[in-house]
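In what follows, a single structure is set out as structure tokens and then discussed.
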Amino acid sequence: MFIAVLAISALALLFGLLLGYSAIHFRVEGDPIVEKINALLPQTQCGQCGHPGCRPYAEAIASDESEINLCPPGGEATMIALADLLGKDPVPLEGVAAEEKPFALAVIDEQECIGCTLCIQACPVDAILGAAKQMHTVIEGECTGCELCLPPCPVECIHMIPVGVDTGSWKWPIPTPDSLEGTGTAAAAGQAC
Amino acid sequence: MKEYALILISTVLVNNFVLVKFLGLCPFMGVSRKLETAVGMGLATTFVLTLSSICSYLINEYLLIPLELTYLRTIAFILVIAVVVQFTETVMHKTSPVLYQVLGIFLPLITTNCAVLGVALLNVQERHGFIESALYGLGAAGGFSLVLVLFAAVRERVNVSDVPEPFQGSAIALITAGLMSMAFMGFAGLVAS
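Here you go:
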């Protein structure tokens, strides 16, 4: 009896240690290509590509189920970076992504806001501040301009206000393969994003 | 040598585990919808069955019999099989991603395949030696894979044929399995045992 308990326990312990060791020693990091694609995507989690977030879109691209041109926030720069990473030909942006819009931030018209919190629930980056029956407002620095808060608003008090370029926000244009000739162009474009 | 060949032929054809001994019916019905998955399952089962019959022979011979714990055989074998399957999956995931993609999802399924435990217990019952045990496992798995692939091919054909409505789905699959089982009865007497 005692020997039986001891033997089975020892066996189980031995196997447990073996499995524990193998779990640590043979650990596999997730698909590295998904990580790389995910790193290139803008992480707005806006869902405009038709996937529930950036990582699912990255997985869909990695398994060749999605085109690389579906990301409106990333725009052409992201598409080119993806094409470069995956060794595919750049595809022109389609659908929502194709319309070249100036970068705009959501602004809530505080006179009209009824405090329904619907836009708070829609915001993927928690950039809207407010509570039920209280006026809401958009945190400027957090807004990614994904426009997901527009449809749920019952009183249409959210407007996209384009952000003008001033001396504080001006950046060098992101180099494209056309603007750079020779020296490792596509790679440079990839890193610039 | 002749003895070993007899073991192989007898387990693959005459005493087929699925169609004659009726073990491992769950994956036989469950994974035989498509030919590709049937081949994957067959390969994974072959691997696990051979390995687990060797391991359970070793455990039985060098642990259970010396300690007079043969009444704990079933639980010890279940432990061994579960560990072998899990360990194989972890190692395979790390060392051979290609093989893991082919077999990966099927490996955990095999843990609960009664044919695996059946082979281990029958090995003990029939007092097989080391090589005989390994061959018995290999033969059993070979027979399992053979009928699984055959059955999957039959089912793919049945799917596109005109089956009367009450027989559609599982019903016709079970009838097909019964007919196949009767066909395999024709091998009885091929090997005197």
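In order, the protein sequences belong to chains A and B. Numbering of the first sequence is given in the working numbering, commencing with residue 1 and proceeding in unit increments. Numbering of the second sequence is given in the working numbering, commencing with residue 194 and proceeding in unit increments. Even for Gly, the Cβ is constructed at its ideal location relative to N, Cα and C. The structure presented is a predicted model; accordingly, all values stated were derived computationally and were not measured.
Any beta-carbon of chain A closer than 9 Å to the one on residue i?
i                 : result
LEU367 of chain B : no
LEU262 of chain B : yes
ALA237 of chain B : no
VAL273 of chain B : yes
PHE280 of chain B : yes
THR204 of chain B : no
VAL317 of chain B : no
LEU228 of chain B : no
VAL284 of chain B : yes
ALA269 of chain B : yes
Leaving out the 5 sequence neighbours to the left and right, which residues in its chain are closer than 7 Å to residue i when beta-carbon positions are compared?
i                 : result
ALA269 of chain B : ILE252, LEU257
VAL317 of chain B : ASN253, ARG266
MET135 of chain A : GLU110, CYS113, GLY115
PRO290 of chain B : none
PHE15 of chain A  : none
VAL205 of chain B : GLY332, GLY335, GLY336, LEU339
Leaving out five residues on either side along the sequence, give the residues of the same chain with a beta carbon under 6 Å from the beta carbon of residue i.
i                 : result
LEU331 of chain B : THR243
PRO162 of chain A : PRO102, ALA104
GLY190 of chain A : With a pLDDT of 48 at GLY190 of chain A, under the threshold of 50, the modelled position of this residue cannot be trusted, and the question is left open.
VAL273 of chain B : CYS248, SER249, ILE252
LEU197 of chain B : One point to set straight first is that residue 197 of chain B is Tyr, not Leu, in the sequence displayed. Excluding sequence neighbours, TYR197 of chain B sits near LEU328.
ALA122 of chain A : LEU148, CYS149, PRO152
Return no unless some Cβ of chain B is closer than 9 Å to the Cβ of residue i.
i                 : result
ALA12 of chain A  : yes
PHE2 of chain A   : no
ILE8 of chain A   : yes
LYS28 of chain A  : Residue identity check: residue 28 of chain A is Val in the sequence provided, not Lys. Yes, because at least one Cβ of chain B sits closer than 9 Å to the Cβ of VAL28 of chain A.
LEU19 of chain A  : yes
SER63 of chain A  : no
ALA23 of chain A  : yes
PHE103 of chain A : no
Assuming residue i and residue j form a contact by the criterion Cβ under 8 Å, report the distance between their Cβ atoms to the nearest whole angstrom.
i                 : j                 : result
VAL384 of chain B : LEU216 of chain B : At roughly 19 Å, the Cβ-Cβ gap does not stay under 8 Å, so VAL384 of chain B and LEU216 of chain B are not in contact.
ALA212 of chain A : ILE68 of chain A  : Residue 212 of chain A lies beyond the stretch modelled for chain A, which goes from 1 to 193, so this question has no answer here.
GLU142 of chain A : ASP126 of chain A : 7 Å
PHE210 of chain B : ALA333 of chain B : 5 Å
THR239 of chain B : GLY335 of chain B : 7 Å
VAL28 of chain A  : HIS286 of chain B : 5 Å
PRO301 of chain B : VAL278 of chain B : 7 Å
According to the Cβ coordinates, are residue i and residue j closer than 9 Å?
i                 : j                 : result
ILE128 of chain A : ALA106 of chain A : yes
GLU110 of chain A : THR137 of chain A : yes
MET234 of chain B : PHE280 of chain B : no
SER338 of chain B : VAL232 of chain B : yes
THR377 of chain B : VAL353 of chain B : For clarity, residue 377 of chain B is Phe in the given sequence; the question names Thr instead. Cβ atoms of PHE377 of chain B and VAL353 of chain B: not closer than 9 Å.
ILE158 of chain A : CYS116 of chain A : no
CYS146 of chain A : GLN48 of chain A  : yes
MET222 of chain B : SER374 of chain B : no
ASN306 of chain B : PRO359 of chain B : no
GLN45 of chain A  : PRO124 of chain A : yes
VAL207 of chain B : GLY382 of chain B : yes
LEU19 of chain A  : VAL309 of chain B : no
PRO72 of chain A  : LEU93 of chain A  : yes
LEU186 of chain B : ALA39 of chain A  : The structure shown does not extend to residue 186 of chain B, since chain B spans only 194 to 386, so no value can be given for it.
GLY216 of chain A : SER66 of chain A  : Residue numbering for chain A in the displayed model covers 1 to 193; residue 216 of chain A lies beyond these limits and cannot be assessed.
ILE3 of chain A   : LEU262 of chain B : yes
LEU70 of chain A  : ILE37 of chain A  : no
Which residues in the same chain as residue i place their Cβ atom closer than 8 Å to its Cβ, once the five residues preceding and following it in sequence are excluded?
i                 : result
CYS34 of chain A  : Here residue 34 of chain A turns out to be Val, not Cys, going by the sequence shown. Correct list, in chain order: ARG55, ALA58, GLU59, ALA62.
SER348 of chain B : A small correction: the amino acid at residue 348 of chain B is Arg; Ser does not occupy that position in the sequence shown. Excluding residues within five positions, the ones whose Cβ falls inside 8 Å are SER225, ARG226, ALA366, THR369.
ILE247 of chain B : PHE323, SER326, ALA327, GLY330
LEU314 of chain B : ARG266, THR267, PHE270
VAL351 of chain B : ILE365, ALA366, THR369
LEU228 of chain B : VAL342, ALA345, ALA346, GLU349
THR304 of chain B : ILE274, ALA275, VAL278, GLN279
GLN43 of chain A  : CYS54
THR230 of chain B : VAL224, PHE299, ALA345
Could you check what DSSP says for residue i in three-state terms: helix, strand or coil?
i                 : result
HIS159 of chain A : strand
THR304 of chain B : helix
ILE128 of chain A : strand
LEU70 of chain A  : coil
THR281 of chain B : helix
THR239 of chain B : helix
VAL138 of chain A : strand
LEU105 of chain A : strand
CYS219 of chain B : helix
ASP64 of chain A  : coil
ALA77 of chain A  : helix
ALA274 of chain B : This sequence places Ile at residue 274 of chain B; Ala is not what is there. ILE274 of chain B: helix per DSSP, three-state reduction.
LEU251 of chain B : helix
PRO173 of chain A : coil
ILE258 of chain B : coil
VAL213 of chain B : coil
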